[in-house]
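Colleague: One rule links them: number in this note's numbering = place in the sequence shown (from 1) + 1. Virtual Cβ for every residue (Gly too), placed ideally from N, Cα, C. Computed from a predicted model, the values in this text were never measured in an experiment. Here it is, the structure in full.
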Amino acid sequence: MNNQKTYIRTLKLAFMFAWAGTFMACTKSDDYKKFTEKGEISYTGKLDSVKIMSGSNRVYIRGLFLSDPKVTQCKIFWNNRADSVVIPVKKKYATDTLKYFVENVQEGVQNFQIYTYDAAGNKSIPVYKTGRSYGARYQSSLFNRPIESAFTNASGATTITWQGMDRLTGVFATEVEYTSLTNVIKKIRTKIDETTTAIPDIKPGTGLRYRTLFLPDTVSIDTFSTAFQTQRVGADITATYFKNKGNPFIAAASGGRWRNIADWTVTDNIRNHGGLGGWCSDQGGCLAMEMGWDGTAQITNGKIYQTFTLPAGSYSFEITMAKNEAKDPVYIVAAAGNTLPDVANVSTSLGYTNFANNKFQFTLTQSTTVSIGFLATMLTASGNQFWIVKEVTLKSL
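In structure tokens form, the structure reads like this:
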């Protein structure tokens, strides 16, 4: 009897579990119908491997359409979904590439949402990417790389010497334009890590213009640049205007240690070696003054100079000193007109300095006849005096 009761109890429990299982299965089935009563959800394949590169008021988007053949268009949103663009998609291959410039993107960091769609309007899950556009604000922060100097030497070779720049600005190069000897406009690009630019064939008397180039970040598709800026090119114009410029200086005639110097105007009081002076044979031939030694007379307002006409511009005159035993001041001078002033009036010159500096600059506002050279008063009271100069140099700036 007990076995029969146990059997009946077991059948009842089995029936109850079966009934509960059937009820739960029906409930889950009904819940599923709630979600699918409007049909199954269909997604298109999303754009894959998306990269966004920065640009000038735009960005460049690249991505891959993988194996989904149903994709017919791609839509890109930005500016908090206020702006968008629709791109038709016609796949040629199972895996195809999107390459697209999104124009008129406001400057700054932008968040992009990208969807793909099929012909029925089904869309992919979104792809979220961040990109950046650069514009007027970035452009206004750029400035040209400073030039330390631009100079053409006596051989006609031009060298631009550059100052440094902050690399964080994105600067990577400077572009130089100049007129060649054959009147052709040429361009040279100098990398930011280079400190000089060599130009072998610039046309004399012409300047150059230059601009500096920037890439704001490592993925920028657009190069930014400053406006072109003009730059005068200085030149060694000594041989153009001076005769007998030195290294060595040439005497007017053969003779002993002291002679007259060729091509320079020399006042008579400098010829205090028996009618000779202004040139001595020391160091192969130098421009010179002496007084006191060997009984030579003192010199008052002694002048050695050349006269010529220079166009408007800025200039530098400098000397290469060979030896200086002068005790009274000796000046190098540039003056308007056909002679040099006296020592008392040296301040009226276009420019001057003494042997302590060996170089000065002056500016002409118009074409001017100028005299450039040496001025000294060397008196007996100061003792024996002597100086020699190896070479003179005139540069346009």
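Closest by CA to residue 180, which one among 228, 163, 194 and 233?
Modeller: Residue 233 is the option with its Cα nearest to residue 180.
Colleague: Taking DSSP as the reference, what is the three-state secondary structure of residue 155?
Modeller: Three-state DSSP puts residue 155 in coil, outside helix and strand.
Colleague: Assuming residue 106 and residue 58 make a contact with CB atoms under 8 Å, what is their CB distance in whole Å?
Modeller: Contact holds; Cβ gap of about 6 Å.
Colleague: If you draw a straight line from the alpha carbon of residue 301 to that of residue 367, how long is it in whole angstroms?
Modeller: Each residue's Cα considered, the two are about 32 Å apart.
Colleague: Return yes when the Cβ of residue 320 is within less than 8 Å of the Cβ of residue 390, no when it is not.
Modeller: Yes, the pair counts as a contact, with Cβ atoms nearer than the cut-off.
Colleague: Would you list, in sequence order, the uninterrupted beta strand (DSSP E) runs of no fewer than 3 residues that lie entirely inside the stretch 342 to 376?
Modeller: Listed in chain order, they are 352 to 355 and 360 to 365.
Colleague: Please go through the same chain and pick out, in chain order, the residues whose beta-carbon is closer than 6 Å to the beta-carbon of residue 67, but skip the five residues on each side of it.
Modeller: These residues qualify, in order along the chain: 46, 49 and 96.
Colleague: Taking only runs of the beta strand (DSSP E) that begin and end inside the stretch 230 to 299, which ones reach a length of at least 3 residues, in chain order?
Modeller: Counting only runs of 3 or more, we get 230 to 232, 235 to 237, 259 to 261, 279 to 281 and 287 to 292.
Colleague: According to DSSP, simplified to helix, strand and coil, what is residue 114?
Modeller: Note: residue 114 maps to strand in three-state DSSP.
Colleague: Do residue 134 and residue 221 count as a contact pair if the criterion is CB distance below 8 Å?
Modeller: No, the Cβ-Cβ distance between residue 221 and residue 134 is not below 8 Å.
Colleague: If you run the structure through DSSP and keep just helix, strand and coil, what is residue 168?
Modeller: Three-state DSSP puts residue 168 in a helix.
Colleague: According to DSSP, is residue 175 helix, strand or coil?
Modeller: In the structure shown, residue 175 sits in a strand (DSSP, three-state: E or B).
Colleague: My guess is that residue 377 and residue 290 are in contact by the Cβ rule of under 8 Å, so how many angstroms apart are they, rounded?
Modeller: The pair is a contact, with the Cβ atoms about 6 Å apart (cut-off 8 Å).
Colleague: May I ask you to verify whether the stretch 168 to 180 touches the stretch 120 to 130, counting CB pairs closer than 8 Å and requiring at least 3?
Modeller: Cβ pair count under 8 Å is below three, so no.
Colleague: Using a Cβ-Cβ cutoff of less than 7 Å, which residues in the same chain neighbour residue 103 once the five nearest sequence positions on both sides are dropped?
Modeller: Same-chain partners within the cutoff: 59, 60, 62, 77 and 86.
Colleague: Quick one: using the 10 Å Cβ neighbour count with 16 as the cut-off for buried, is residue 39 buried or exposed?
Modeller: Residue placement at residue 39 is poorly supported in this model, since its pLDDT is 48, which falls under 50; the coordinates still yield a value, given next. Exposed is the call here.
Colleague: Leaving out the 5 sequence neighbours to the left and right, which residues in its chain are closer than 8 Å to residue 212 when beta-carbon positions are compared?
Modeller: Excluding sequence neighbours, residue 212 sits near 145, 175, 176, 226, 227, 228, 229 and 230.
Colleague: Excluding the five sequence neighbours on either side, which residues of its own chain have a C-beta within less than 8 Å of the C-beta of residue 74, listed in chain order?
Modeller: Within the same chain, residue 74 has close Cβ partners 87, 88, 89, 90, 117 and 118.
Colleague: What's the gap between the Cα of residue 71 and the Cα of residue 79?
Modeller: Distance between the alpha carbons of residue 71 and residue 79: 25 Å.
Colleague: Can you give me the Cβ contacts of residue 396 inside the same chain, cut-off strictly under 7 Å, excluding the 5 residues immediately before and after it?
Modeller: Cβ within range, chain order: 235, 236, 237, 238, 316 and 317.
Colleague: With residue 361 and residue 374 assumed to form a contact (beta carbons below 8 Å), what rounded beta-carbon distance in angstroms separates them?
Modeller: Actually they do not touch by this definition, with Cβ atoms about 13 Å apart.
Colleague: Quick one, are the C-beta atoms of residue 250 and residue 214 less than 8 Å apart?
Modeller: Not a contact, by the Cβ cut-off of 8 Å.
Colleague: Check whether the Cβ atoms of residue 242 and residue 309 lie closer than 8 Å to each other.
Modeller: Contact: yes.
Colleague: In angstroms, rounded to a whole number, what distance separates the CA positions of residue 186 and residue 329?
Modeller: So the alpha carbons of these two residues sit roughly 52 Å apart.
Colleague: State the CB to CB distance for the pair residue 189 and residue 200, rounded to an integer number of angstroms; the pair is presumed to be in contact (CB under 8 Å).
Modeller: That pair is a contact at about 7 Å.
Colleague: Roughly how many angstroms lie between the CA atoms of residue 205 and residue 64, to the nearest whole one?
Modeller: Distance between the alpha carbons of residue 205 and residue 64 is about 53 Å.
Colleague: Less than 8 Å between C-beta atoms, sequence neighbours within five positions excluded: which residues of the same chain meet that for residue 193?
Modeller: Once the five neighbours on either side are set aside, the close Cβ partners of residue 193 are 146, 166, 168, 172, 173, 174 and 175.
Colleague: Quick one: is residue 138 buried, meaning 16 or more other Cβ sit within 10 Å of its Cβ, or exposed?
Modeller: Result: exposed.
Colleague: Taking the Cβ atom as the reference point for each residue, do residue 240 and residue 155 lie within a distance shorter than 8 Å?
Modeller: Yes; because the gap between Cβ atoms is below 8 Å, this pair is in contact.
Colleague: Have a look at residue 387 and residue 340 and give me their C-alpha separation to the nearest angstrom.
Modeller: Taking the straight line from one Cα to the other gives about 23 Å.
Colleague: Measuring CB to CB, does residue 286 end up less than 8 Å from residue 252?
Modeller: In this structure, residue 252 lies closer than 8 Å to residue 286 by Cβ.
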